[in-house]
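Numbering that gives the first Met the number 0 numbers the first residue of the sequence shown as 0 and each following residue consecutively.
For every residue, glycine included, the Cβ atom is placed at its ideal position computed from N, Cα and C.
Please read all numbers here as calculations on a predicted model, not as lab measurements.
One structure below.
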Amino acid sequence: MRKVHPEFAYQSRELGGQIDGILGDPPNRKNYDMMLGALVSEYASGGGIEDVNMMSFALVDHITFSNPKGLLAEAGEYEGGSPEKVFAMAACEGDAEAMYNAMTENHPDLARQAIITAFLFKHPRLWDEDDESLEQLSRDDDGDDRYDDEDEGVTDDFAQMFDKEGD
């Protein structure tokens, strides 16, 4: 398992929640297909919402990946990275090809992130994320870091200045 950037892990989980929300309970494939068609059409025309999650939603059912190991390596860095490198590892065919080309041309950085997010969503067993839960963060924390080590607290001389009994 390879560790991915926490933001990619978050975006992948959000994509899953968004898909579940659109499908509904019980799942309504017609609503899902209508939403997907609208997104593909918008992005293909060069428009669409400039949002990683919406882009990855539009891509997820249409995209194919040619280099999973390379995409996992790219998932280690959320900001930056090489969009062209990621674009070479994925593709869309048919009606979605125009959408893919418009996304990569008009919004290269967001498209890079959306492609990686869609990849991670479709392949959850290939990656892992750092556990940043409160339980994990508090593990091995004995609570002794409340005070700065250089400051040992109030001295007796200072405390006696405010003593009302005048000891």
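*Measure the alpha-carbon distance for Y99 versus D24 and round it to whole angstroms.*
One-based indexing of the sequence shown puts residue 99 at position 100. One-based indexing of the sequence shown puts residue 24 at position 25. Y99 and D24 have their C-alpha atoms some 30 Å from each other.
*Applying the criterion that 16 or more other CB atoms from any shown protein chain within 10 Å of the CB defines a buried residue, is M186 buried or exposed?*
There is no way to answer for residue 186, as the model of the chain reaches only from 0 to 166.
*Once you ignore the five residues that flank D60 on each side, which residues in its own chain have a CB closer than 7 Å to its CB?*
Here residue 60 refers to the residue found at position 61 of the sequence shown. Excluding positions up to five away in sequence, the list reads L35.
_I need the boundaries of the beta strand (DSSP E) containing I62, first residue and last residue._
Taking the first residue of the sequence shown as position 1, residue 62 is located at position 63. Annotation for I62: the continuous beta strand (DSSP E) segment containing it runs 62-64.
*Where E49 and H106 are concerned, what is the direct C-alpha to C-alpha distance, given to the nearest angstrom?*
The sequence position of residue 49 within the sequence shown is 50, counting from 1. The sequence position of residue 106 within the sequence shown is 107, counting from 1. Cα to Cα, the separation comes out at about 8 Å.
*Just to confirm, are A8 and M54 a CB contact at a threshold of 8 Å?*
Position 9 of the sequence shown, counted from the start, is the residue given in the question as residue 8. Position 55 of the sequence shown, counted from the start, is the residue given in the question as residue 54. Not closer than 8 Å, so no.
_Buried/exposed call for T63, threshold 16 Cβ in 10 Å_ = One-based indexing of the sequence shown puts residue 63 at position 64. Of the other Cβ atoms in all chains shown, fewer than 16 fall within 10 Å of the Cβ of T63; this residue is therefore exposed.
_At the level of alpha carbons, what is the spacing between E171 and N52?_
With the chain represented from 0 up to 166, any question about residue 171 goes unanswered, as that position is not in the structure.
*Cα-Cα separation, S44 to I114*: Walking along the sequence shown from the start, residue 44 turns up at place 45. Walking along the sequence shown from the start, residue 114 turns up at place 115. Taken atom to atom, the span from the alpha-carbon of S44 to that of I114 is near 18 Å.
*In angstroms with no decimal places, state the Cα-to-Cα distance between V85 and A72.*
On the sequence shown, residue 85 is found 86 positions in, with the first residue counted as 1. On the sequence shown, residue 72 is found 73 positions in, with the first residue counted as 1. Spanning the two alpha carbons is a distance of roughly 10 Å.
*Tell me, please, which residues DSSP counts as bridged to A167.*
Since the first residue of the chain shown is 0 and the last is 166, residue 167 is not available in this structure.
*Buried or exposed (CB count within 10 angstroms, at least 16 for buried), Q112*: By 1-based counting over the sequence shown, the position of residue 112 is 113. Classification of Q112: buried, given that the 10 Å Cβ count is 16 or more.
*Does the distance from the CB of V3 to the CB of L119 come in under 8 Å?*
For the purposes of this step, residue 3 is taken as residue 4 along the sequence shown, with counting starting at 1. For the purposes of this step, residue 119 is taken as residue 120 along the sequence shown, with counting starting at 1. Yes, the Cβ-Cβ distance between V3 and L119 is below 8 Å.
*What are the boundary residues of the alpha helix (DSSP H) that includes R28?*
Here residue 28 refers to the residue found at position 29 when the sequence shown is read from its first residue. 28-43 is the extent of the alpha helix (DSSP H) around R28.
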